[in-house]
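Taking it in order: structure first as structure tokens, then the write-up.
Residue numbers (the numbering used here), protein chains in the order written: chain A, 1 to 115; chain B, 1001 to 1114.
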């Protein structure tokens, strides 16, 4: 199993540009999520999905969109990049939809810089 | 709203020492807490998931405890090694309204000096 994969690993955007961060898992996990990690802060949940076709907002959803058309893929779209979105983005998955009761698996992260 | 705090933010100790990392949470109505490890430039790796009914969970040289009444969890690392150098994060359920969200501490950066 490849586990959780993310692409790209690094990205530089100009303010106002849009892009999609890709996330895929091959473990048949129901739950997938996107976090951002900023210096000195814990991970903050952006969006999550408890199964194909179901998504919901986390703590910091503004400026981001997600969709879950398949069990395997959970892309994160930045609609109009802003410098405040400069961060490291992590995708995670777990077998159980009740993520707080199950081990989570993380991707390697995408380091995004918005100038 | 659940809040999770980890103190200290950084810790440096000589190799071989036993050490304790702390995690505090504000809402004690949790049923488990998770500890993770993050190496520089890498994703997170799950270390231990401790259920409130267990009070303690062990994996190799790691032992995690959970005391709901005091709102604290500790991660004990025995006989520390340079390879233990990493950032350690804890995460608790985002109560009261969700089994689908975790709330994270900012982490403790641990450096083990050879």
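Cβ atoms here follow ideal geometry from the backbone N, Cα and C, with glycine treated the same way.
With C-beta atoms as the reference, is residue i less than 7 Å away from residue j?
i	j	result
residue 1075 of chain B	residue 1011 of chain B	no
residue 1094 of chain B	residue 1025 of chain B	no
residue 1102 of chain B	residue 100 of chain A	yes
residue 105 of chain A	residue 21 of chain A	no
residue 1108 of chain B	residue 1021 of chain B	yes
residue 1079 of chain B	residue 1006 of chain B	no
residue 1092 of chain B	residue 1004 of chain B	yes
residue 92 of chain A	residue 68 of chain A	no
residue 97 of chain A	residue 30 of chain A	yes
residue 6 of chain A	residue 112 of chain A	no
residue 1046 of chain B	residue 103 of chain A	yes
Among the candidates the options, whose CA atom is the shortest distance from the CA of residue i?
i	options	result
residue 1077 of chain B	B/1001, B/1037, B/1025	B/1037
residue 86 of chain A	A/106, A/110, A/98	A/110
residue 34 of chain A	A/28, A/64, A/84, A/14	A/64
residue 1042 of chain B	B/1086, B/1008, B/1014	B/1086
residue 18 of chain A	A/93, A/81, A/92	A/81
residue 24 of chain A	A/14, A/3, A/15, A/36	A/3
residue 13 of chain A	A/79, A/91, A/58	A/79
residue 1053 of chain B	B/1009, B/1047, B/1114, B/1066	B/1066
Using the beta-carbon count (16 or more within 10 Å), is residue i buried or exposed?
i	result
residue 1061 of chain B	exposed
residue 1055 of chain B	exposed
residue 41 of chain A	exposed
residue 115 of chain A	exposed
residue 62 of chain A	exposed
residue 1002 of chain B	buried
residue 1032 of chain B	buried
residue 46 of chain A	buried
What is the C-beta distance between residue i and residue j, in whole angstroms, given that I count them as a contact (C-beta under 8 Å)?
i	j	result
residue 1073 of chain B	residue 1090 of chain B	6 Å
residue 60 of chain A	residue 44 of chain A	5 Å
residue 27 of chain A	residue 49 of chain A	That pair is no contact at about 14 Å.
residue 1015 of chain B	residue 1114 of chain B	5 Å
Can you name the start and end residues of the beta strand (DSSP E) that residue i belongs to?
i	result
residue 38 of chain A	No beta strand (DSSP E) holds residue 38 of chain A; DSSP gives it neither H nor E.
residue 66 of chain A	64 to 66
residue 1017 of chain B	Element bounds for residue 1017 of chain B: n/a, residue is neither H nor E.
residue 89 of chain A	87 to 94
residue 1113 of chain B	1108 to 1113
residue 1032 of chain B	1032 to 1038
residue 27 of chain A	Premise fails: residue 27 of chain A is in no beta strand (DSSP E) and is neither H nor E.
residue 79 of chain A	Here residue 79 of chain A belongs to no beta strand (DSSP E), and DSSP marks it neither H nor E.
residue 51 of chain A	44 to 51
residue 1067 of chain B	1062 to 1067
residue 7 of chain A	4 to 7
residue 1086 of chain B	1086 to 1093
residue 1051 of chain B	1044 to 1051
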